[in-house]
Amino acid sequence: MARGKSLITGTAGFVILVIAITTSNEYIKYGLLTFAGAIFLYEILSDLGVIKFKDRR
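Count along the sequence shown starting at 1, add 287, and that's the number in the working numbering.
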């Protein structure tokens with residue numbers, strides 16, 4: 288299940304990255320690049336096991 292979530296957020300980050308590259312507005316571009324970078328960083332760290340969330344069940 289964690290793999291699927293990682294794939295979904297990774298794809299979302301990639302889509303945001305593409306939109307950021309193709310847009311012409313500078314403010315939107317840098318905002319989206321920062322957002323996509325944060326998503327990718329979170330995904331890499333959670334895959335490596337640096338960031339862990341406890342299951343609330």
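Each residue gets a CB set at the ideal place from its N, CA and C atoms; glycine is no exception.
Smallest Cα separation from residue i: which of the options?
| i | options | result |
| --- | --- | --- |
| T321 | D334, L294, F301 | F301 |
| A299 | E313, L332, V337, A325 | A325 |
Buried or exposed: which applies to residue i, given that a residue is buried once 16 or more other Cβ atoms fall within 10 Å of its Cβ?
| i | result |
| --- | --- |
| L319 | buried |
| M288 | With a pLDDT of 48 at M288, under the threshold of 50, the modelled position of that residue is not reliable, and the figure given next carries that caveat. M288 comes out exposed. |
Where do the ends of the alpha helix (DSSP H) carrying residue i lie?
| i | result |
| --- | --- |
| T321 | 313-335 |
Measure how close the beta-carbons of residue i and residue j come, nearest whole angstrom, since I'm counting them as under 8 Å.
| i | j | result |
| --- | --- | --- |
| L304 | A323 | 4 Å |
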